[in-house]
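Accompanying notes for the structure given below.
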Amino acid sequence: MNPSVIDIARHCKVSPSTVCRALNARRDINAATRQRILTACDKLGYVKDTGASNLRLRCSQVIACLMPDQTNELFIEKLYFIKQAVLTAGYHWRLYSFQDQAEATVLLREILSARPRGLILGLSLDRGLRNLLRGTRVPAVCYDCRTPGVDAVTLDRQQGAYEAARHMLSKGRRRILLLGSAPDSDRGRGYVKAITEAGLSVNHGLVVATPFGKNLFEYGYTLVKALLGGTAFDGILAVNDACAIGAIRALKEAGRQVPRHVSVIGFDNIMVTPFTTPALTTISQPKEEMAARCVELLLRRLADPNAARRNVRLKTALCVRESA
DNA sequence: CCCGCTCGTAGTCCTTTTGA
DNA sequence: TCAAAAGGACTACGAGCGGG
Numbered sequence: 001m002n003p004s005v006i007d008i009a010r011h012c013k014v015s016p017s018t019v020c021r022a023l024n025a026r027r028d029i030n031a032a033t034r035q036r037i038l039t040a041c042d043k044l045g046y047v048k049d050t051g052a053s054n055l056r057l058r059c060s061q062v063i064a065c066l067m068p069d070q071t072n073e074l075f076i077e078k079l080y081f082i083k084q085a086v087l088t089a090g091y092h093w094r095l096y097s098f099q100d101q102a103e104a105t106v107l108l109r110e111i112l113s114a115r116p117r118g119l120i121l122g123l124s125l126d127r128g129l130r131n132l133l134r135g136t137r138v139p140a141v142c143y144d145c146r147t148p149g150v151d152a153v154t155l156d157r158q159q160g161a162y163e164a165a166r167h168m169l170s171k172g173r174r175r176i177l178l179l180g181s182a183p184d185s186d187r188g189r190g191y192v193k194a195i196t197e198a199g200l201s202v203n204h205g206l207v208v209a210t211p212f213g214k215n216l217f218e219y220g221y222t223l224v225k226a227l228l229g230g231t232a233f234d235g236i237l238a239v240n241d242a243c244a245i246g247a248i249r250a251l252k253e254a255g256r257q258v259p260r261h262v263s264v265i266g267f268d269n270i271m272v273t274p275f276t277t278p279a280l281t282t283i284s285q286p287k288e289e290m291a292a293r294c295v296e297l298l299l300r301r302l303a304d305p306n307a308a309r310r311n312v313r314l315k316t317a318l319c320v321r322e323s324a
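Mapping the first sequence onto my numbering, position 203 (from 1) lands on 203, and the numbers just tick up by one.
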């Protein structure tokens, strides 16, 4: 049985309230008394019962983050900025990651039962889960996804892809490969818009959709390698930087120079790109701003649970690194 | 006598368990 | 079935004490 503040108080011959003062770094306690209590906590193996603490305070200080499992660099960077934003706002951060919808459902129930102060969701909720969320009244915000009735921060990928494709067209590229995105996806719509605005028609042989997988470096590499034998292209708009880096490797192996022979634009601007692949132009996600806006929306919802729902849509920025 | 520091008492929070 | 109790952390309020 874990010792409680009462046990610590008894051991130190003070009251439980004095122990609480010591544990919570309050000013109204003598420094020597505080040190004596903290030493006793260490000695007796005291661990705060957060359930009881939440009970007393009527809320927890935890902002939970439920995100899909991913192993890519972008995911790590996203989490880093979300965590920083949560900590900066003075809350604790807990990450829960899921592999499929079934696990997400189980985790969401677990999260809500712990009554977090807020929730950052990396998935769209179905009707059942929306009802669950509404019942607990835990304020939530969707990160880069949408759920009816829930605040959201999303990214305008269509505009990003549109600007990227226009950039390549302005450099004289006419056969641009859309690598990893379907024509009816956000990126695909931006691509199609730019192509048609330039008076060209969309060549469906230049649109290759790939499912999101564990290793997009590999996808980019193998797909471009396979295409190089038969399909002519002078530009690649890749679904993300990892895919683009794989594509560039395949191009190099085939003796094609980037960007002299083929322009390549990735998506996401992961931190490693400028060091590993300086020639790669990329469409930058404002990850830090997205995280900050999420927390901002949560705090707003905490202050006014009845505030009108908001969807903050952020723009991408084209980071041009190539010279061609 | 007043003020500030330190610490204790009593009561609160809400859900689950227990007992009548 | 329903009321009461339990669980642990926390704080509002107030008391004791010493120094100016």
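Cβ coordinates follow ideal geometry from the N, Cα and C atoms, glycine included.
Taking DSSP as the reference, what is the three-state secondary structure of PRO274? Numbered from 1 along the first sequence, position 274 holds the residue referred to as residue 274. DSSP places PRO274 in helix when its eight states are reduced to three.
Can you tell me where the beta strand (DSSP E) with THR282 in it begins and where it stops? Within the first sequence, the letter at position 282 stands for residue 282. Unbroken beta strand (DSSP E) run through THR282: 281-284.
Could you check whether ARG313 and ASP410 sit closer than 8 Å to each other, using their CB atoms as the reference points? For residue 410 there is no data in the structure shown, the boundaries of the chain being 1 and 324.
Rounded to whole angstroms, what's the CA-CA distance from THR276 to THR231? Just pull it up for me. Here residue 276 refers to the residue found at position 276 when the first sequence is read from its first residue. Here residue 231 refers to the residue found at position 231 when the first sequence is read from its first residue. The alpha-carbon atoms of THR276 and THR231 are separated by roughly 27 Å.
The segment 88-100 contacting the segment 62-71, beta-carbon criterion three pairs below 8 Å: yes
Given a cut-off of 8 Å, decide if TYR191 and ALA152 are closer than it, judged by their beta-carbon atoms. The residue you call residue 152 lines up with position 152 of the first sequence. The residue you call residue 191 lines up with position 191 of the first sequence. No, these two residues do not count as a Cβ contact at 8 Å.
Would you kindly work out how many angstroms separate the C-alpha atoms of THR147 and ARG300, rounded to a whole number? Locating residue 147 in the first sequence gives position 147, where the first residue counts as 1. Locating residue 300 in the first sequence gives position 300, where the first residue counts as 1. Each residue's alpha carbon lies about 18 Å from the other.
Helix, strand or coil, according to DSSP, for HIS261 in the structure here? As a working mapping, residue 261 is identified with position 261 in the first sequence. Correct three-state label for HIS261: coil.
Under 8 Å between the Cβ atoms of ALA209 and ALA244? Here residue 209 is taken as the residue at index 209 of the first sequence, counted from 1. Here residue 244 is taken as the residue at index 244 of the first sequence, counted from 1. No, Cβ-Cβ distance for ALA209 and ALA244 is not below 8 Å.
Assuming THR222 is part of the beta strand (DSSP E), what are its boundary residues? As a first step, residue 222 must be located in the first sequence, where it is residue number 222. Run containing THR222: none in the beta strand (DSSP E); it sits in the alpha helix (DSSP H), 216-228.
Burial state of GLU77, where buried means 16 or more other Cβ atoms lie within 10 Å: The sequence position of residue 77 within the first sequence is 77, counting from 1. It counts as buried.
With DSSP run on the structure shown, which of helix, strand or coil describes PRO68? Residue numbering aside, residue 68 sits at position 68 when the first sequence is read from its first letter. In the structure shown, PRO68 sits in a strand (DSSP, three-state: E or B).
Pick from ASP42, CYS59, LYS43, LEU44 that is closest to THR50, judged by C-alpha positions: Counting from 1 along the first sequence, the entry for residue 50 is found at position 50. For the residues ASP42, CYS59, LYS43, LEU44, the minimum Cα distance to THR50 belongs to CYS59.
Would you mind working out which of PRO274, SER284, ARG173, GLY199 sits nearest SER263, comparing C-alpha positions? Numbered from its first residue, the first sequence carries residue 263 at position 263. Comparing Cα positions, the closest option is ARG173.
Applying the criterion that 16 or more other CB atoms from any shown protein chain within 10 Å of the CB defines a buried residue, is ARG127 buried or exposed? Numbered from its first residue, the first sequence carries residue 127 at position 127. Exposed.
When burial is assigned at 16 or more other CB atoms within 10 Å of the CB, is ARG293 buried or exposed? Residue numbering aside, residue 293 sits at position 293 when the first sequence is read from its first letter. Looking at its Cβ environment, which holds 16 or more other Cβ atoms inside 10 Å, ARG293 is buried.
In chain order, what residues of the same chain have a beta carbon less than 6 Å from the beta carbon of ASN54, not counting five sequence neighbours either side? For this step, residue 54 is matched to residue 54 along the first sequence. Taken in chain order, the residues that qualify are SER60.
Can you find the residues in the same chain that come closer than 7 Å, C-beta to C-beta, to LEU74, ignoring five residues on each side of it along the sequence? Taking the first residue of the first sequence as position 1, residue 74 is located at position 74. Closer than 7 Å at the Cβ level, and outside the excluded window around LEU74, lie ASN240, ASP268, ILE270.
Would you report the Cα separation of ARG249 and TYR221, rounded to the nearest angstrom? Position 249 of the first sequence holds residue 249. Position 221 of the first sequence holds residue 221. A direct Cα-to-Cα measurement between ARG249 and TYR221 gives close to 6 Å.
Reduced DSSP secondary structure (H/G/I, E/B, other) of LEU125: Looking up residue 125 in the first sequence gives position 125. Three-state DSSP puts LEU125 in coil, outside helix and strand.
For a test of the three-state rule: what should DSSP assign to PHE267, helix, strand or coil? Here residue 267 is taken as the residue at index 267 of the first sequence, counted from 1. In the structure shown, PHE267 sits in a strand (DSSP, three-state: E or B).
Go ahead and pull the three-state DSSP assignment for ALA324. Position 324 of the first sequence, counting from 1, holds the residue named residue 324. Because the pLDDT of ALA324 is 43, which lies under 50, any placement of that residue in the model is unreliable, and the question is left without a value.
Using a threshold of 8 Å, state whether the C-beta atoms of THR328 and ILE6 are closer than that. Because the chain spans 1 through 324 in this model, residue 328 falls outside it and cannot be assessed.
Range of the contiguous beta strand (DSSP E) that encloses GLY160: Translated into positions along the first sequence, residue 160 becomes position 160. No beta strand (DSSP E) contains GLY160, which is instead part of the alpha helix (DSSP H) from 157-170.
Mapping the DSSP letters down to three states, classify GLY180 as helix, strand or coil. Along the first sequence, read from residue 1 onward, the residue named residue 180 stands at position 180. Coil at GLY180, not helix or strand.
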